[in-house]
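Heads up, the thing below is written out as structure tokens.
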Amino acid sequence: MRKIVPLFLICALAISPAYARKKSAAQELEGAVTSMLQPGSFKVPATGEIEVAFSPNEGAEKLVIKTIDSARSSIRLMAYSFTSAAVVSALLHAKKRGVDVAMVVDSKGNMDEDRSGKATAALSTLATAGVSVRTISIFAIAHDKTIIVDEATVETGSYNFTSSAATRNSENVIVHWNNPQLAAVYLKHFERNWKQGVDFKKRY
7 MRKIVPLFLI CALAISPAYA RKKSAAQELE GAVTSMLQPG SFKVPATGEI EVAFSPNEGA
67 EKLVIKTIDS ARSSIRLMAY SFTSAAVVSA LLHAKKRGVD VAMVVDSKGN MDEDRSGKAT
127 AALSTLATAG VSVRTISIFA IAHDKTIIVD EATVETGSYN FTSSAATRNS ENVIVHWNNP
187 QLAAVYLKHF ERNWKQGVDF KKRY
């Protein structure tokens with residue numbers, strides 16, 4: 007009497023262990039995005055390169071600008087305090103070369119407490135140039151200081167986008183170059199804040 011081997015067992019035996027363990031980049035990215043649906047922290051592969059800089063006057067601002075200048079398709083920025091003329095200029099240049107630029111900033115830090123008017127002027131300049139700008143006020147503060155470039159690179163750290171952060175404060179900047187899985191996690195965080203923000207209204 008012949009034994010009948012189930013089809014699923016034949017298929018399983020046909021797949022080599024090495025092939026079974028292999029995951030494509032697309033599968034890893036899908037896994038990272040899926041994990042974001044669960045509460046808690048996230049683990050992603052340590053790919054690409056890491057670059058760091060510090061301030062005052064130890065390269066932090068230059069690294070932020072370098073990150074923005076590297077963009078070819080998209081920039082997503084989250085900020086607590088936003089008054090840096092250098093960062094505004096870099097974002098304007100990115101917009102002019104066809105990069106899709108969107109940002110969400112803390113409402114209190116950039117609107118309600120903007121006694122100097124620098125934040126309002128910076129945001130108005132960008133909005134006039136076609137940059138998508140929103141403010142968010144549902145949290146005590148929106149304390150993110152992050153840039154996501156081309157859905158692949160993440161800049162973050164303690165560095166506010168201000169002249170004081172560049173020349174007066176002790177700050178740190180870290181850039182994770184070419185890590186799409188990490189960028190996907192930060193983009194999900196950006197999208198959450200973006201959806202809960204409101205469109206910035208230009209003052210001039």
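In this note's numbering, the protein residues as written are 7 to 210. Beta carbons are placed, not taken as given, at the ideal position from N, Cα and C, and that holds for glycine.
- Counting C-beta pairs with one atom in each stretch, the segment 123–130 and the segment 149–158 have fewer than three that are closer than 8 Å, which means they do not touch.
- In the displayed model, Ile74 falls within a helix according to three-state DSSP.
- The Cβ atoms of Asn185 and Ser61 lie no closer than 9 Å to each other.
- Partner residues in a beta bridge of Gly104, as assigned by DSSP, do not exist.
- For the pair Ser87 and Val111, the Cα-to-Cα distance works out to about 7 Å.
- Distance between Ser170 and Trp200, taken at the CA atoms: about 26 Å.
- Membership of Asn199 in any beta strand (DSSP E) is not indicated; the residue belongs instead to the alpha helix (DSSP H) covering Pro186 to Gln202.
- Secondary structure note for Thr162: its beta strand (DSSP E) is the uninterrupted segment Thr159 to Gly163.
- Counting only the Cα atoms, Ala77 lies some 19 Å from Ala133.
- In this chain, the alpha helix (DSSP H) harbouring Ser130 covers Lys124 to Thr134.
- In chain order, Gly54, Glu55 and Thr159 place their CB closer than 6 Å to the CB of Trp183, counting only its own chain and leaving out the 5 sequence neighbours on each side.
- Under the DSSP assignment, Ser138 falls in the beta strand (DSSP E) whose first and last residues are Ser138 to Ile142.
- A direct Cα-Cα distance of roughly 11 Å separates Thr73 from Val58.
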